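Below is one structure, written out as structure tokens; the observations come after it.
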Amino acid sequence: MENKAILKEIHSEHIPIEKRQEIFTTAIINFTERLFSENEPIGFGNFASVYEDPENNICYKSVTRNKDHLFNNVEDEVDFLETLHEIDNTVKVPIPLFTIMKGGKQLLAMEKINGPTLGEILRDKKELPETYNSEFFWKNLKKFVEKMHNEYRIYHRDLREDNIMIEAETGKPVVIDFGAAVKLILTDENPYAREPGMEKIAPFFDDEAQIASLEREMQYHLTKDK
Ligand SMILES: Nc1ncnc2c1ncn2[C@@H]1O[C@H](COP(=O)(O)OP(=O)(O)O)[C@@H](O)[C@H]1O
Ligand SMILES: [Mg+2]
446 MENKAILKEI
456 HSEHIPIEKR
466 QEIFTTAIIN
476 FTERLFSENE
486 PIGFGNFASV
496 YEDPENNICY
506 KSVTRNKDHL
516 FNNVEDEVDF
526 LETLHEIDNT
536 VKVPIPLFTI
546 MKGGKQLLAM
556 EKINGPTLGE
566 ILRDKKELPE
576 TYNSEFFWKN
586 LKKFVEKMHN
596 EYRIYHRDLR
606 EDNIMIEAET
616 GKPVVIDFGA
626 AVKLILTDEN
636 PYAREPGMEK
646 IAPFFDDEAQ
656 IASLEREMQY
666 HLTKDK
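Count along the sequence shown from 1, then add 445; that gives the number in our numbering.
Written as structure tokens, this is what we have:
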């Protein structure tokens, strides 16, 4: 159904709000399904494919594997994006737009970042943006992680090469994928503890240790052929 027809349908004052919400949700699901079938994803993870909507400069993370009990759902994820996207102006977190959870389907719409992940650089899949400045990048990323831990009590727990991007226009680090993140409630909680038996299947990664090892890997990668 085209946008005009949808608007016309929900304009009828006899339709209750729940029904209108449902019409919108279905329209968006239909729109994204068409988008996903006609385009290649711009990124893959273990659980999701991400597609861009080039006309609107946004992207959709579509969760493809059921991870209910292992990791956050898209509604939890969007809360982290909402809390963190404005805390620092030297490190970006994508601006969240909305989520849809319906019949096992999970969609997260957010700002599309233009630039490579560190993984794409390390695997020589994409070019390093000219704006990348290693000192600026790592200093600010470390400060961001410290602030996220100490002021917001949020731990990302999956800061691997595919979950950190370099914004091409600005060279800023971008932290994505809060699918494994947690906000601590108790002060003495260990953020990285997994229930017994789960450590091997779905381990958590120490944020500071990850940043330190990625910084070393990037330095090595960018100097080795010079
Ligand atoms: N906001 C975004 N803008 C551009 N690319 C993105 C964005 N979010 C994710 N991606 C791309 O999609 C990939 C998978 O997304 P991610 O959220 O990490 O999913 P998963 O939870 O499955 O690991 C990322 O590694 C990245 O390449
Ligand atoms: Mg990921």
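We treat Cβ as the ideally placed atom computed from N, Cα and C, and that holds for glycine. Remember, predicted model here, so these are calculated numbers, not experimental data.
When the Cα atoms are used, S482 and F476 turn out to be separated by approximately 10 Å. Distance from the C-beta of G490 to the nearest heavy atom of ligand 2 is below 7 Å.
For E497, the CB contacts under 7 Å within the same chain, skipping 5 residues up- and downstream, are I487, C504, K557 in chain order.
Runs of the beta strand (DSSP E) spanning 3 or more residues and lying entirely within the region 586 to 630 occur at 609 to 611, 618 to 620, in chain order. For the 8 Å CB-CB criterion, D622 and N635 do not form a contact.
In this chain, the alpha helix (DSSP H) harbouring A472 covers 462 to 483.
Taking the Cα of S507 as reference, the smallest distance to any Cα among N501, I473, L515, V538 is reached at I473. For I503, the enclosing beta strand (DSSP E) starts and ends at 503 to 508. Contact between the region 452 to 461 and the region 581 to 589 is absent, with fewer than three C-beta pairs closer than 8 Å.
By the Cβ criterion, the region 522 to 541 is in contact with the region 585 to 603, since at least three pairs of Cβ atoms, one from each stretch, lie closer than 8 Å. For D607, the Cβ falls inside the 7 Å cut-off from some heavy atom of ligand 2. By the C-beta criterion, the region 552 to 570 is judged not to be in contact with the region 643 to 651, since fewer than 3 inter-stretch pairs fall below 8 Å. In this chain, the alpha helix (DSSP H) harbouring V519 covers 519 to 529. When rounded, the separation of the alpha-carbon atoms in V627 and F516 is 10 Å.
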